[in-house]
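Participant: Numbers in this note's numbering are just positions in the sequence shown, counted from 1, shifted up by 1.
Beta carbons are placed, not taken as given, at the ideal position from N, Cα and C, and that holds for glycine.
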Amino acid sequence: MRTDDDDECGADTWPVHPLAEIFSVFLKLGLTSFGGPIAHIGYFRVELVQRRQWLDEAGYADLVALCQFLPGPASSQVGFSLGVLRGRGLLGGLAAWTGFTVPSVLLLLTFAAGAASLGGPTAQGVIHGLKLVAVAVVAQALWGMGRNLTPDIQRICIALGALALVTLAGSAFGQIAAIAGGAAAGLLVCRAGSLPVGGQLAYPVGRPSAFAALFLFAALFVLPSIMAASTGSQALKLFDAFYRSGALVFGGGHVVLPLLQNQVVTTGWVPAETFLAGYGAAQAVPGPLFTFAAYLGAISGPPPNGLVGAAIALAAVFLPGLLLVYGTLPFWDGLRRLPRAQAAMRGANAAVVGILAAAFYNPVWLGAVHAPFDFAFAFAGFLLLVVMKTPPWVVVLLLAAAGAGAHMVG
């Protein structure tokens, strides 16, 4: 129920609400929000805009536009910003992020602990089935993102250029260059059209705090790699790998897959099969897909791993997106009106389609599809997701069972 104090939706008139309330609301969402970032944004709208009336529809649409404009996990950034707004500051945002993130982290850590002890044909079949889930889910993401982010010949060409660059370079440099090149190309060829601009956004974030967040974002993008190179600290290397991955995710949570694969599989920290199995398992849990990082940090080869590695990886992968949205809130009204900024983002988003296409081929397809039955199961999963709109966790259970059955028969 709304209280009398909630009659006004402006941020300047809302009372300070207990952090426990914000945490409990987002814990409920973290336990029940299946289906990926777009579905999460829908759950937030129903619970916080329609039911609890924390803000109006126009304000929510503007917030979603901001989080889709920035790199990072869009649904977690929306939730964090709603916590900042409702809690009148940073602690409210952290309470919201914690509540939304904890359930999936605990589930994936449980899977990581059990995966190490799995053995026998049935268990190996389940793991293979989870790798086929990754094929179906990434194919679905590629299909949807391709339709939405490359609707014209200019952006199709940007995506193809990014695909070629990442395939040939095969490194983190190739991915960074593809995104930067896509943004530059967008400035030249993606100026047509403009995003609708709503009313004014007002958040309890001062400009000094915003500048501090943006400075910290930039410093953490550079300093950990320098310090890791000079000290050889694996903890710093782990932090840097996941921070850079989180800082370069444009276009949705699935784009983190090729970035993380490049950081932890090509370096030998995590075996490719274990990586794909964990990614498949991540589709079965509620909450943000970025919590896959906790699983990877827990099972990574050189210490720190386990709970310490999970905590480092989890904090590092989320931190850049949260710093960026916190630092941008006071400036978003002006930034979202700039046609050049919109054009650059169209080009960058088109480039991530090419990056995801490269990852779909290697390691997702090459790591999972080895026989005709593999292709049949993966294609069936794709049809269930795209055509029949089956919940991802159902597809996870079906393909895990199919993989186990195929290994038992074989």
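(1) Inspect the CB distances between the stretch 232 to 246 and the stretch 256 to 276 and report whether three or more fall short of 8 Å.
(2) Give the DSSP-derived three-state secondary structure of residue 371 in the structure shown.
(3) Rounded to whole angstroms, what's the CA-CA distance from residue 284 to residue 304? Just pull it up for me.
(4) Measuring alpha carbon to alpha carbon, tell me which residue in 392, 402, 387, 370 is nearest residue 136.
(5) Considering only heavy atoms of the ligand SAM, does any lie closer than 7 Å to the CB of residue 112?
(6) Going by Cα to Cα distance, which pick from 286, 90, 321, 211 is closest to residue 32?
(7) Can you give me the C-alpha to C-alpha distance between residue 95 and residue 204, rounded to a whole angstrom?
(8) If you follow the alpha helix (DSSP H) that residue 34 is in, where does it begin and where does it stop?
(9) Short of 7 Å in beta carbon distance, which residues of its chain neighbour residue 447, apart from the five on each side in sequence? Order them along the chain.
(10) Tell me the rounded alpha-carbon separation between residue 328 and residue 406.
(11) So residue 263 is in the alpha helix (DSSP H); what residue range does that whole segment cover?
(12) In the structure shown, what three-state DSSP assignment does residue 208 receive?
(13) What alpha helix (DSSP H) runs, 4 residues minimum, are completely inside the stretch 245 to 308?
(14) Would you call residue 45 buried or exposed, if buried means 16 or more other Cβ atoms sit within 10 Å of its Cβ?
(15) Please state whether the Cβ-Cβ distance between residue 134 and residue 396 is less than 8 Å.
(16) With DSSP run on the structure shown, which of helix, strand or coil describes residue 226?
(17) Restricting to Cα atoms, I'd like to know which of 366, 373, 391, 292 is closest to residue 140.
(18) Along the alpha helix (DSSP H) that carries residue 77, what are the first and last residues, could you check?
(19) Taking the alpha helix (DSSP H) that residue 348 falls in, what are its first and last residues?
(20) May I ask you to report which of helix, strand or coil DSSP gives residue 55?
(21) Pop quiz: residue 102 and residue 292 are said to be a contact at Cβ under 8 Å. What is the actual Cβ separation, rounded to whole angstroms?
(22) Which first and last residues belong to the alpha helix (DSSP H) in which residue 409 is found?
(23) Put residue 238 into one of helix, strand or coil per three-state DSSP.
(24) By DSSP, does residue 193 sit in helix, in strand, or in coil?
(25) I'd like to know if the stretch 34 to 54 and the stretch 306 to 317 are in contact, where contact means that at least 3 CB-CB pairs between them fall below 8 Å.
(26) Just the C-alpha distance for residue 72 and residue 217, rounded to the nearest angstrom, thanks.
(27) Return helix, strand or coil for residue 233, following the three-state DSSP convention.
(28) Can you find the residues in the same chain that come closer than 7 Å, C-beta to C-beta, to residue 58, ignoring five residues on each side of it along the sequence?
(29) Alpha carbon to alpha carbon, what distance is there between residue 114 and residue 209?
(30) Using 10 angstroms around the beta-carbon of residue 47, count the other beta-carbons present and answer buried if the total reaches 16, otherwise exposed.
(31) Residue range of the alpha helix (DSSP H) that residue 156 falls in?
(32) Only counting runs of 4 or more residues, tell me where the alpha helix (DSSP H) segments fall wholly within the stretch 91 to 133, in order along the chain.
(33) Among residues of its own chain, excluding the 5 on either side of residue 391, which ones have a beta-carbon nearer than 6 Å to its beta-carbon?
(34) If I'm right that residue 349 touches residue 184 with Cβ under 8 Å, what's the distance once you round it to whole angstroms?
Facilitator: Taking the coordinates as given:
(1) yes
(2) As a working note, residue 371 is residue 370 in the sequence shown. Residue 371: coil per DSSP, three-state reduction.
(3) The residue you call residue 284 lines up with position 283 of the sequence shown. The residue you call residue 304 lines up with position 303 of the sequence shown. Those two C-alpha atoms are separated by around 27 Å.
(4) In the sequence shown, counting from the first residue as 1, residue 136 sits at position 135. Here the closest residue by C-alpha is 370.
(5) Looking for the ligand SAM in the displayed structure turns up nothing, as the structure carries no ligands at all.
(6) Sequence index remark: in the sequence shown, residue 32 carries index 31 (1-based). For the residues 286, 90, 321, 211, the minimum Cα distance to residue 32 belongs to 286.
(7) Position 94 of the sequence shown, counted from the first residue, corresponds to residue 95. Position 203 of the sequence shown, counted from the first residue, corresponds to residue 204. Whole-angstrom Cα-Cα distance: 15 Å.
(8) As a first step, residue 34 is located in the sequence shown; it is residue number 33 there, counting from the start. No alpha helix (DSSP H) contains residue 34, which DSSP labels as neither H nor E.
(9) Nothing in the structure corresponds to residue 447, since the chain is present only between 2 and 411.
(10) Locating residue 328 in the sequence shown gives position 327, where the first residue counts as 1. Locating residue 406 in the sequence shown gives position 405, where the first residue counts as 1. So the alpha carbons of these two residues sit roughly 50 Å apart.
(11) Numbered from 1 along the sequence shown, position 262 holds the residue referred to as residue 263. That residue, residue 263, is in no alpha helix (DSSP H); it is neither H nor E in DSSP.
(12) Numbered from 1 along the sequence shown, position 207 holds the residue referred to as residue 208. Three-state DSSP puts residue 208 in a helix.
(13) 257 to 261, 273 to 283, 293 to 300
(14) Taking the first residue of the sequence shown as position 1, residue 45 is located at position 44. Buried.
(15) Within the sequence shown, numbered from 1, the residue matching residue 134 stands at position 133. Within the sequence shown, numbered from 1, the residue matching residue 396 stands at position 395. Yes; because the gap between Cβ atoms is below 8 Å, this pair is in contact.
(16) Position 225 of the sequence shown, counted from the first residue, corresponds to residue 226. Here residue 226 sits in helix by DSSP.
(17) By one-based count along the sequence shown, residue 140 stands at place 139. Nearest of 366, 373, 391, 292 to residue 140, Cα basis: 366.
(18) As a position in the sequence shown, residue 77 is number 76, starting the count at 1. Run containing residue 77: 75 to 88, per the alpha helix (DSSP H) assignment.
(19) Reading the sequence shown from its first residue, position 347 is the one you call residue 348. Its alpha helix (DSSP H) spans residues 340 to 360.
(20) As a working note, residue 55 is residue 54 in the sequence shown. In this structure, residue 55 counts as coil in the three-state DSSP scheme.
(21) For the purposes of this step, residue 102 is identified with residue 101 of the sequence shown, where counting begins at 1. For the purposes of this step, residue 292 is identified with residue 291 of the sequence shown, where counting begins at 1. About 6 Å separates the two Cβ atoms, so the contact holds.
(22) The sequence position of residue 409 within the sequence shown is 408, counting from 1. Taken as a continuous stretch (DSSP letters only), the alpha helix (DSSP H) holding residue 409 covers 393 to 410.
(23) The residue labelled residue 238 in the question sits at position 237 within the sequence shown. The answer is helix: DSSP assigns residue 238 an H, G or I state.
(24) Indexing the sequence shown from 1 puts residue 193 at position 192. Coil.
(25) no
(26) As a first step, residue 72 must be located in the sequence shown, where it is residue number 71. As a first step, residue 217 must be located in the sequence shown, where it is residue number 216. If I take the Cα positions, the gap works out to 16 Å.
(27) Numbered from 1 along the sequence shown, position 232 holds the residue referred to as residue 233. Residue 233: coil per DSSP, three-state reduction.
(28) Within the sequence shown, the letter at position 57 stands for residue 58. So the list reads 50, once near-sequence residues are dropped.
(29) Numbered from 1 along the sequence shown, position 208 holds the residue referred to as residue 209. Numbered from 1 along the sequence shown, position 113 holds the residue referred to as residue 114. If I take the Cα positions, the gap works out to 43 Å.
(30) Counted from its first residue, the sequence shown places residue 47 at position 46. Answer is exposed; the Cβ neighbour count stays below 16.
(31) Counting from one through the sequence shown, the residue named residue 156 turns up at place 155. It spans 154 to 170 - the alpha helix (DSSP H) in which residue 156 sits, taken as one unbroken run.
(32) 91 to 116
(33) Along the sequence shown, one-based indexing puts residue 391 at 390. Only 385 meet the Cβ criterion.
(34) In the sequence shown, counting from the first residue as 1, residue 349 sits at position 348. In the sequence shown, counting from the first residue as 1, residue 184 sits at position 183. Confirmed, about 4 Å.
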